[in-house]
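Let me begin by presenting the structure, written as structure tokens, before commenting on it.
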Amino acid sequence: MVTNKQLADLIFPEIHETIDDLEKRFPPRNLPDGAEVTRFAPSPTGFLHTGSLFTSMICKKLANQSQGVFYIRLEDTDTKREIEGSGLKLLEEMKQFSIVPDEGYLGDHEEGNYGPYVQSKRADIYKVCIKYLLEQGKAYPCFATQAELDELRANQEANKILPGYYGPYAIYRDLENDERMEKIKSGTPYVIRFRSEGNHNNKIKVHDMIRGTFAIAENDQDIVIYKSDGLPTYHFAHACDDHFMRTTTVIRGEEWISSLPIHVQLFEALGFKAPQYAHIPVIMKVDENGNRRKLSKRKDVEAAVSYFLDDGYPSEAIIMYLMTIANSNFEEWIFQNNFSHMEDFKLSFDKFSLDGALFDIVKLQFFAKEILSRKNKQEMYDLALEFASKRDERFKEYLLKNPEYFKEIINIERESENPRKDYYKFGGMLDIIGFFYNDIYDNSIDTSIFNPNISHDVIKKLLNRMRDLDTSKEKNDWFADLKAIGVEEGFAESNKIYKANKEAYLGHVGDVAEVLRIALTTRKNAPDLYSVMKILGNKEVNRRIDKIISLL
Ligand code: GLU
Numbered sequence: 044m045v046t047n048k049q050l051a052d053l054i055f056p057e058i059h060e061t062i063d064d065l066e067k068r069f070p071p072r073n074l075p076d077g078a079e080v081t082r083f084a085p086s087p088t089g090f091l092h093t094g095s096l097f098t099s100m101i102c103k104k105l106a107n108q109s110q111g112v113f114y115i116r117l118e119d120t121d122t123k124r125e126i127e128g129s130g131l132k133l134l135e136e137m138k139q140f141s142i143v144p145d146e147g148y149l150g151d152h153e154e155g156n157y158g159p160y161v162q163s164k165r166a167d168i169y170k171v172c173i174k175y176l177l178e179q180g181k182a183y184p185c186f187a188t189q190a191e192l193d194e195l196r197a198n199q200e201a202n203k204i205l206p207g208y209y210g211p212y213a214i215y216r217d218l219e220n221d222e223r224m225e226k227i228k229s230g231t232p233y234v235i236r237f238r239s240e241g242n243h244n245n246k247i248k249v250h251d252m253i254r255g256t257f258a259i260a261e262n263d264q265d266i267v268i269y270k271s272d273g274l275p276t277y278h279f280a281h282a283c284d285d286h287f288m289r290t291t292t293v294i295r296g297e298e299w300i301s302s303l304p305i306h307v308q309l310f311e312a313l314g315f316k317a318p319q320y321a322h323i324p325v326i327m328k329v330d331e332n333g334n335r336r337k338l339s340k341r342k343d344v345e346a347a348v349s350y351f352l353d354d355g356y357p358s359e360a361i362i363m364y365l366m367t368i369a370n371s372n373f374e375e376w377i378f379q380n381n382f383s384h385m386e387d388f389k390l391s392f393d394k395f396s397l398d399g400a401l402f403d404i405v406k407l408q409f410f411a412k413e414i415l416s417r418k419n420k421q422e423m424y425d426l427a428l429e430f431a432s433k434r435d436e437r438f439k440e441y442l443l444k445n446p447e448y449f450k451e452i453i454n455i456e457r458e459s460e461n462p463r464k465d466y467y468k469f470g471g472m473l474d475i476i477g478f479f480y481n482d483i484y485d486n487s488i489d490t491s492i493f494n495p496n497i498s499h500d501v502i503k504k505l506l507n508r509m510r511d512l513d514t515s516k517e518k519n520d521w522f523a524d525l526k527a528i529g530v531e532e533g534f535a536e537s538n539k540i541y542k543a544n545k546e547a548y549l550g551h552v553g554d555v556a557e558v559l560r561i562a563l564t565t566r567k568n569a570p571d572l573y574s575v576m577k578i579l580g581n582k583e584v585n586r587r588i589d590k591i592i593s594l595l
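Residue numbers (our numbering): 44 to 595.
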């Protein structure tokens, strides 16, 4: 009679290492008490999803704050779904958020003693573990064809039986080893399945760092652990890798909770101590109809991290915003700490809100405004240039041509106690500040936006007089001069006075300022007019006024 050992040797003749050898090759890490070893384990199947950024941020933070290790493992065993080059791209995107691992897969190379960190390079390690399970009779080759599996499912459905490959429905589970050997020798294709001793009517207790302890049905499925392409499935690779890479805390999306019973069994069958688990909430959004749903790669631009990077959102703001989703006490903390020293914040699983993972772009913009308002002009310049160098050639040219001019522009109502919070991204910034540049100004003049209730003659008169406004005066005095011109030309000195007696006036002081604003900036909304005039300088102010007058 063929023994389990003989069968295992037939399947993996080239494998001589044992689990004990692997234990020695990957010894427990020498880390301080309480240090957490976390990992981010992306599959190279596309862009960096906002949810993945959220997960990796949490992994890194927890490792850092406990003096542990954060590493990256590339999970590329699903070769059909793999997108060439996406692993490297994911790493590059993460780097823009300062999420850099301590070890592991780094895109173009690997670092660390627990590798390889790319699953497709770990085939031998998985084989050692599977060989062990085969020898123990805890795994077996399964020869079921697709047709047999389809028939099984159809029968189960017709008879209202829980579907799957388990217990009495696991048709190759109890084949004699002799027969298994014969089939393998004759070249019958097979996969290897785990032999589950569980029963789905039993409940087991599992523990999650966020959800606590809860009961869940035991696994009874003989899941595939080794595919015909020679690679393991996610479940099996998870058990082997997180054990031999010595992960202490597996942080992953809550969609994996339902697989936990499988994982618990696999760890036990392999004789490994299971790690701690923290299943983090999936990021949702409230859609147009007011319903909550998962961020969708197809429907939601905010599902892809690249959307924010391409539009020049400060990466810091995105991270801070994601932290508010992770921990309910973070928002108050970051305000108290004036949006700095985020590394001092202690993320904790206790403070995770399970139903609060709602992505709110307006709130992200609010955070981004807070952050950008705290930057000085040099920092703003550097950030703008960094963005423009990658994504906006034209903006880059303006920035490089005259750095000091940009800094003056961006410094309007900045570097003060109560800075203006008007920018939340760098994408489109040139459209907002472009009027400061003479060539852009000349190409954007639009006299049709002047208030139609004020005649062109009056506009011309006002502009002619306002060219002499003196910006070397204090702002209040400058404004008093502007007001005086308005009053002399028939405008009320305040909106209130105007409203009380509309017939007596042509408009109010706000209308007067608007005439000047449109003439100098080509738009109705612009930064502080006094500062604009100062930056443009007398000569340019006069040139613009002349130009507008000539067009009216
Ligand atoms: N490769 C898996 C995924 O992308 C990783 C899940 C995990 O972190 O264990 O969903």
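Glycine is no exception: its CB is placed at the ideal position from the N, C-alpha and C atoms.
Practice task
Give me the Cα-Cα distance between Asn372 and Ser396, rounded to the nearest whole angstrom.
Solution key: Taking the first residue of the sequence shown as position 1, residue 372 is located at position 329. Taking the first residue of the sequence shown as position 1, residue 396 is located at position 353. Between Asn372 and Ser396, the C-alpha separation is close to 10 angstroms.
Practice task
Using a threshold of 8 angstroms, state whether the C-beta atoms of Ile452 and Asp571 are closer than that.
Solution key: Along the sequence shown, read from residue 1 onward, the residue named residue 452 stands at position 409. Along the sequence shown, read from residue 1 onward, the residue named residue 571 stands at position 528. Against a cut-off of 8 angstroms, the Cβ pair of Asp571 and Ile452 comes out as no contact.
Exercise for the section: Please name the residue or residues paired with Gly246 in a DSSP beta bridge. Expected result: Taking the first residue of the sequence shown as 1, we reach residue 246 at position 203. One point to set straight first is that residue 246 is Lys, not Gly, in the sequence displayed. According to DSSP, Lys246 bridges with Ala260.
Exercise for the section: Find out if the Cβ-Cβ distance for the pair Ile323, Thr564 is shorter than 8 angstroms. Expected result: Taking the sequence shown and counting its residues from 1, one reaches residue 323 at position 280. Taking the sequence shown and counting its residues from 1, one reaches residue 564 at position 521. No, Cβ-Cβ distance for Ile323 and Thr564 is not below 8 angstroms.
Exercise for the section: Would you kindly work out how many angstroms separate the C-alpha atoms of Ile492 and Ala369, rounded to a whole number? Expected result: Residue 492 sits at position 449 when you count from the first residue of the sequence shown. Residue 369 sits at position 326 when you count from the first residue of the sequence shown. About 46 angstroms.
Problem - Assigned exposure category for Ile591 - 16 Cβ within 10 Å defines buried - result: What you label residue 591 is simply residue 548 of the sequence shown in a count that begins at 1. Buried.
Practice task
List the DSSP bridge partners of Met327.
Solution key: As a first step, residue 327 must be located in the sequence shown, where it is residue number 284. In DSSP, Met327 forms a bridge with Lys337 and Leu401.
Problem - Which residues DSSP lists as bridging His599, in chain order - result: A question about residue 599 goes unanswered here, because the residues of the chain that appear run from 44 up to 595.
Practice task
Compute every distance between the C-beta of Ser86 and the non-hydrogen atoms of the ligand GLU, then say whether any falls below 7 angstroms.
Solution key: The residue you call residue 86 lines up with position 43 of the sequence shown. Ser86: yes, Cβ under 7 angstroms from the ligand GLU.
Handout entry: Residues that DSSP places opposite Ile368 in a beta bridge
Key = The residue you call residue 368 lines up with position 325 of the sequence shown. According to DSSP, which records beta bridges pairwise, Ile368 is partnered with nothing at all.
Handout entry: Nearest-angstrom Cα separation, counted from Arg68 out to Met327
Key = Here residue 327 refers to the residue found at position 284 when the sequence shown is read from its first residue. Here residue 68 refers to the residue found at position 25 when the sequence shown is read from its first residue. Near 42 angstroms, if we compare the C-alpha coordinates of Arg68 and Met327.
Practice task
Per DSSP, which residues does His499 bridge with? Please list them.
Solution key: For the purposes of this step, residue 499 is taken as the residue at position 456 of the sequence shown. Its beta-bridge partners do not exist; DSSP assigns none.
Practice task
Please state whether DSSP places Ile115 in a helix, a strand or coil.
Solution key: Walking along the sequence shown from the start, residue 115 turns up at place 72. Strand at Ile115.
Exercise for the section: Could you check the C-alpha separation between Gly470 and Gly77 for me, to the nearest Å? Expected result: To locate residue 470, count along the sequence shown from 1; it is residue 427. To locate residue 77, count along the sequence shown from 1; it is residue 34. So the two alpha carbons sit approximately 43 angstroms from each other.
Practice task
Count the CB pairs spanning the region 132–150 and the region 108–123 that are closer than 8 angstroms, and state whether there are at least three.
Solution key: yes
Exercise for the section: Check whether the Cβ of Arg437 lies closer than 7 angstroms to any heavy atom of the ligand GLU, and answer yes or no. Expected result: Working through the sequence shown from its first residue, we reach residue 437 at position 394. For the ligand GLU, not one heavy atom lies less than 7 angstroms from the Cβ of Arg437.
Handout entry: Buried or exposed by the 16-neighbour rule on C-beta atoms within 10 Å, applied to His92
Key = Start at 1 with the first residue of the sequence shown, and residue 92 comes out as number 49. Its Cβ being crowded by 16 or more others within 10 Å, His92 is buried.
Exercise for the section: Answer yes or no: the CB of Glu440 versus the heavy atoms of the ligand GLU, is any distance below 7 angstroms? Expected result: By one-based count along the sequence shown, residue 440 stands at place 397. Every heavy atom of the ligand GLU is 7 angstroms or more from the Cβ of Glu440, so no.
Handout entry: Check: His281 C-beta below 7 angstroms from any heavy atom of the ligand GLU
Key = Taking the first residue of the sequence shown as 1, we reach residue 281 at position 238. Flag set: Cβ of His281 near the ligand GLU.
Problem - N- and C-terminal bounds of the alpha helix (DSSP H) containing Arg68 - result: In the sequence shown, the residue the question calls residue 68 occupies position 25. Element bounds for Arg68: Ile62 to Arg68.
Problem - Residue burial classification, Asp167 (beta-carbon count within 10 angstroms, cutoff 16) - result: On the sequence shown, position 124 is the one that residue 167 refers to. The residue is exposed, with fewer than 16 neighbouring Cβ atoms inside 10 Å.
Handout entry: Residue environment, Phe279, which counts as buried when at least 16 other CB atoms sit within 10 Å
Key = Your numbering for residue 279 matches position 236 in the sequence shown. Phe279 comes out buried.
Problem - Environment of His384 [buried if 16+ CB atoms lie within 10 Å] - result: In the sequence shown, residue 384 corresponds to position 341, counting from 1. With fewer than 16 Cβ atoms within 10 Å of its Cβ, His384 is classed as exposed.
Exercise for the section: With a threshold of 16 other CB atoms inside 10 Å of the CB of Gly241, please say whether the residue is buried or exposed. Expected result: As a working mapping, residue 241 is identified with position 198 in the sequence shown. Buried: at least 16 other Cβ atoms inside 10 Å.
Handout entry: With 16 other Cβ atoms within 10 Å as the buried cut-off, status of Phe351
Key = By 1-based counting over the sequence shown, the position of residue 351 is 308. Under this definition Phe351 is a buried residue.
Problem - Local Cβ density within 10 Å of Pro75, reported as buried at 16 or more and exposed below that - result: Counting from 1 along the sequence shown, the entry for residue 75 is found at position 32. Classification of Pro75: exposed, given that the 10 Å Cβ count is below 16.
Practice task
Put Gly477 into one of helix, strand or coil per three-state DSSP.
Solution key: Reading the sequence shown from its first residue, position 434 is the one you call residue 477. If DSSP states are grouped into helix, strand and coil, Gly477 belongs with the helices.
Handout entry: Every unbroken beta strand (DSSP E) inside the region 117–167 [3 residues or more]
Key = 146–148
Exercise for the section: Tell me, please, which residues DSSP counts as bridged to Ile235. Expected result: To locate residue 235, count along the sequence shown from 1; it is residue 192. Pro184 and Tyr269.
Handout entry: Sub-8 angstroms separation of Ser86 and Asp121 beta-carbons
Key = Counting from one through the sequence shown, the residue named residue 86 turns up at place 43. Counting from one through the sequence shown, the residue named residue 121 turns up at place 78. Yes, they are a contact pair.
Handout entry: C-alpha gap between Val171 and Leu105, whole angstroms
Key = To locate residue 171, count along the sequence shown from 1; it is residue 128. To locate residue 105, count along the sequence shown from 1; it is residue 62. Distance between the alpha carbons of Val171 and Leu105 is about 31 angstroms.
Problem - Identity of the residue in Val348, Lys203, Val267 and Thr46 nearest Lys138 by Cα - result: Residue mapping note: residue 138 aligns to position 95 of the sequence shown, counting from 1. Nearest option by C-alpha distance: Val348.
Handout entry: Thr600 - containing alpha helix (DSSP H), residue span
Key = With the chain running from 44 to 595 in the structure shown, residue 600 is simply not present.
Problem - Through-space distance from Ile528 to Tyr541, alpha-carbon basis - result: Locating residue 541 in the sequence shown gives position 498, where the first residue counts as 1. Locating residue 528 in the sequence shown gives position 485, where the first residue counts as 1. Whole-angstrom Cα-Cα distance: 16 angstroms.
Problem - Cβ neighbour criterion (16 or more within 10 Å) applied to Ala51 - result: Taking the sequence shown and counting its residues from 1, the one referred to as residue 51 is at position 8. When all chains shown are included, Ala51 counts as buried.
Handout entry: CB of Gly550 within 8 angstroms of CB of Ile475, strictly
Key = Here residue 550 refers to the residue found at position 507 of the sequence shown. Here residue 475 refers to the residue found at position 432 of the sequence shown. Not closer than 8 angstroms, so no.
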